[in-house]
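If you count by UniProt numbering, then the sequence shown holds residues 310 to 610, one letter each, in order.
Glycine is no exception: its CB is placed at the ideal position from the N, C-alpha and C atoms.
Data first, discussion second: the structure below is written as structure tokens.
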Amino acid sequence: LSQLFRPLDLLGMVYRTIRQGVIDMGSMFDLIDTPSEVTDAPAAQPLSVARGHVRFEDVRFGYDDGMPILKGIDLDVAPGSTVAVVGPSGAGKSTLARLMYRFYDLTGGRITIDGQDIAQVTQASLRAAIGIVPQDTVLFNDTIGYNIAYGRADATQADIEGAAKGAAIAGFIERQPDGYATRVGERGLKLSGGEKQRVAIARTLLKNPPVLILDEATSALDSRTEAEIMDTLEAIERGRTTIVIAHRLSTIVHADQIVVLEAGQVVERGTHADLLRRGGLYAEMWDRQANEREEAEAEAA
Ligand code: ATP
Numbered sequence: 310l311s312q313l314f315r316p317l318d319l320l321g322m323v324y325r326t327i328r329q330g331v332i333d334m335g336s337m338f339d340l341i342d343t344p345s346e347v348t349d350a351p352a353a354q355p356l357s358v359a360r361g362h363v364r365f366e367d368v369r370f371g372y373d374d375g376m377p378i379l380k381g382i383d384l385d386v387a388p389g390s391t392v393a394v395v396g397p398s399g400a401g402k403s404t405l406a407r408l409m410y411r412f413y414d415l416t417g418g419r420i421t422i423d424g425q426d427i428a429q430v431t432q433a434s435l436r437a438a439i440g441i442v443p444q445d446t447v448l449f450n451d452t453i454g455y456n457i458a459y460g461r462a463d464a465t466q467a468d469i470e471g472a473a474k475g476a477a478i479a480g481f482i483e484r485q486p487d488g489y490a491t492r493v494g495e496r497g498l499k500l501s502g503g504e505k506q507r508v509a510i511a512r513t514l515l516k517n518p519p520v521l522i523l524d525e526a527t528s529a530l531d532s533r534t535e536a537e538i539m540d541t542l543e544a545i546e547r548g549r550t551t552i553v554i555a556h557r558l559s560t561i562v563h564a565d566q567i568v569v570l571e572a573g574q575v576v577e578r579g580t581h582a583d584l585l586r587r588g589g590l591y592a593e594m595w596d597r598q599a600n601e602r603e604e605a606e607a608e609a610a
């Protein structure tokens, strides 16, 4: 049966890649005046974020074909805490992130930030409050400094360098012959997946949003890169309300709450220890990934 769904998975993946390019260029909507699929409510007010308390209340959603994808999701992300969303491919994890950024409107329920329904606030203020570190960052054919500052026209060179430092990419940039003026992208320096992700982290540090969505890369990074990125991610998660869409469970062991999504429903929730004790889907996924890690390590040895 899984063979049957593979082409669909692939389509989903292509779609996500394109979509994430768009997410990354969220603020371009204003520039190129592309009508988004959602519109501001007539009396929309700017979102006012005090603590960054995110709640999903019986959230229901399906894409155009009307097939339900999320079937009543309740989530309570305490201010400053980290919630990880895990689950099989196609469970609806990325959909959850897209709804928070309001790329689509819900078919039922609501999402609130500090008590304000995100459908009732201006999209510009909502998107200004949320930082997204996507799976795959789109870089512009410009300098690495420009790519870090992207979206923050008022950033000074000192701001940019501070963010690069926080994202653990300053050393790499300083080693380039042209430093921050080094060109990247198709016609310049090619960055690895890990380096690109660090550019995205630096961008997010500059934006300094109270709410953060991390969409973890599906493709395995080598374990050293993964460990380095984990450290920098921990640094940006501190003090922010964070939702992590996770594929590798080893990266979310310390999350305050882990939510297991299956076919659009929450089937388990708790801490890593709670869920292992429970011996359900999470424990099964954990065992499987632990075996895969062991096999990969044995192969590498
Ligand atoms: P993965 O772990 O593979 O990233 P996921 O849990 O993030 O999966 P989603 O990307 O949220 O899953 O997708 C949930 C379901 O919605 C899948 O069945 C997917 O094919 C479908 N889907 C995603 N985007 C669209 C779209 N634009 N139109 C129709 N269906 C979509």
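DSSP state of Ala592 mapped onto helix, strand, coil: If you number the sequence shown from 1, residue 592 lands on position 283. Ala592 falls in the helix class under three-state DSSP.
Ordered along the chain, which non-local residues of its own chain (more than five positions away) have a Cβ less than 7 Å from that of Thr391? For this step, residue 391 is matched to residue 82 along the sequence shown. The answer, listed in chain order, is Glu546, Thr551, Val553, Ala564, Asp565.
C-beta atoms of Tyr489 and Ile453 nearer than 8 Å: Translated into the one-based positions of the sequence shown, residue 489 becomes position 180. Translated into the one-based positions of the sequence shown, residue 453 becomes position 144. In this structure, Ile453 lies closer than 8 Å to Tyr489 by Cβ.
Buried or exposed (CB count within 10 angstroms, at least 16 for buried), Ser403: Position 94 of the sequence shown, counting from 1, holds the residue named residue 403. Burial call: buried.
Could you have a look at Gly480 and say whether DSSP puts it in helix, strand or coil? Here residue 480 refers to the residue found at position 171 of the sequence shown. If DSSP states are grouped into helix, strand and coil, Gly480 belongs with the helices.
Any idea if Leu340 is buried or exposed, counting beta-carbon neighbours within 10 angstroms, 16 or more meaning buried? Within the sequence shown, numbered from 1, the residue matching residue 340 stands at position 31. Its pLDDT being 35, under 50, Leu340 is placed unreliably by the model, and the measurement read from it follows with that caveat. With fewer than 16 Cβ atoms within 10 Å of its Cβ, Leu340 is classed as exposed.
So Val576 and Leu590 are in contact, right, with Cβ under 8 Å, and what is the actual spacing, rounded? Position 267 of the sequence shown, counted from the start, is the residue given in the question as residue 576. Position 281 of the sequence shown, counted from the start, is the residue given in the question as residue 590. Between Val576 and Leu590 a beta carbon distance of about 6 Å is seen, short of the 8 Å cut, so the two are scored as contacting.
Can you list, in chain order, the residues of its chain whose CB lies under 6 Å from that of Gly330, leaving out five sequence neighbours each side? Counting from one through the sequence shown, the residue named residue 330 turns up at place 21. The predicted model places Gly330 with a pLDDT of 45, which falls under 50 and marks its position as unreliable; any figure quoted below should be read in that light. So the list reads Val447, once near-sequence residues are dropped.
Cβ-heavy atom distance between Asp373 and ligand 1 below 7 Å? Within the sequence shown, numbered from 1, the residue matching residue 373 stands at position 64. Within the cutoff, so yes.
Compare the beta carbon distance of Gly440 and Lys505 with 8 Å and say whether it is the shorter of the two. Here residue 440 corresponds to residue number 131 of the sequence shown, with the count starting at 1. Here residue 505 corresponds to residue number 196 of the sequence shown, with the count starting at 1. No. Outside cutoff.
Leaving out five residues on either side along the sequence, give the residues of the same chain with a beta carbon under 6 Å from the beta carbon of Ala509. Translated into the one-based positions of the sequence shown, residue 509 becomes position 200. Val442, Thr446, listed in sequence order.
Can you check which of these residues, Ala536, Asp524, Val562, Ile469, is closest to Met409 by C-alpha distance? Along the sequence shown, read from residue 1 onward, the residue named residue 409 stands at position 100. Of the listed residues, the one whose Cα sits closest to Met409 is Asp524.
Measuring CB to CB, does Phe412 end up less than 8 Å from Glu366? In the sequence shown, counting from the first residue as 1, residue 412 sits at position 103. In the sequence shown, counting from the first residue as 1, residue 366 sits at position 57. No; because the gap between Cβ atoms is not below 8 Å, this pair is not in contact.
Range covered by the beta strand (DSSP E) that runs through Asp373: Here residue 373 refers to the residue found at position 64 when the sequence shown is read from its first residue. Careful: Asp373 lies outside any beta strand (DSSP E) and carries neither H nor E.
Using three-state DSSP, classify Leu514 as helix, strand or coil. In the sequence shown, the residue the question calls residue 514 occupies position 205. Looking at Leu514 - three-state DSSP - the assignment turns out to be helix.
Where does Leu542 sit, in a helix, a strand or coil, going by DSSP? Translated into positions along the sequence shown, residue 542 becomes position 233. Three-state DSSP puts Leu542 in a helix.
Measure the CB-CB distance between Gly475 and Ala544 and report whether it falls below 8 Å. Your numbering for residue 475 matches position 166 in the sequence shown. Your numbering for residue 544 matches position 235 in the sequence shown. The answer is yes: Cβ separation under 8 Å.
Per DSSP, which one or two residues make a beta bridge with Asp524? Position 215 of the sequence shown, counted from the start, is the residue given in the question as residue 524. Bridge partners of Asp524: Ile554.
Beta-carbon contacts of Ile469 that lie in its chain and below 6 Å, excluding the five residues immediately before and after: Translated into positions along the sequence shown, residue 469 becomes position 160. Spatial neighbours of Ile469 in its own chain (CB-CB distance under 6 Å, excluding positions within 5 residues in sequence) are listed in chain order as Gly454, Ile457, Ala458.
Among the candidates Gln444, Met376, Phe449, whose CA atom is the shortest distance from the CA of Ala555? Numbered from 1 along the sequence shown, position 246 holds the residue referred to as residue 555. The option with the nearest alpha carbon to Ala555 is Gln444.
Under three-state DSSP, which class holds Ile422? In the sequence shown, residue 422 corresponds to position 113, counting from 1. Look at Ile422 here: in three-state DSSP terms it is strand.
Phe370 classed as buried or exposed, judged by whether at least 16 other C-beta atoms fall within 10 angstroms: The residue given as residue 370 occupies position 61 in the sequence shown. Buried, since its Cβ has 16 or more Cβ neighbours within 10 Å.
DSSP three-state label for Ile547, please. In the sequence shown, the residue the question calls residue 547 occupies position 238. Looking at the sequence itself, residue 547 is Arg, so the reference to Ile does not match. It is coil, neither helix nor strand.
Inter-residue spacing [alpha-carbon to alpha-carbon] between Gly396 and Gly573: If you number the sequence shown from 1, residue 396 lands on position 87. If you number the sequence shown from 1, residue 573 lands on position 264. Taking the straight line from one Cα to the other gives about 10 Å.
Between which residues of its own chain and Gly418 is the CB-CB distance below 6 Å, once the five residues before and five after are set aside? Translated into positions along the sequence shown, residue 418 becomes position 109. Around Gly418: Glu366, Asp367, Val368, Arg369.
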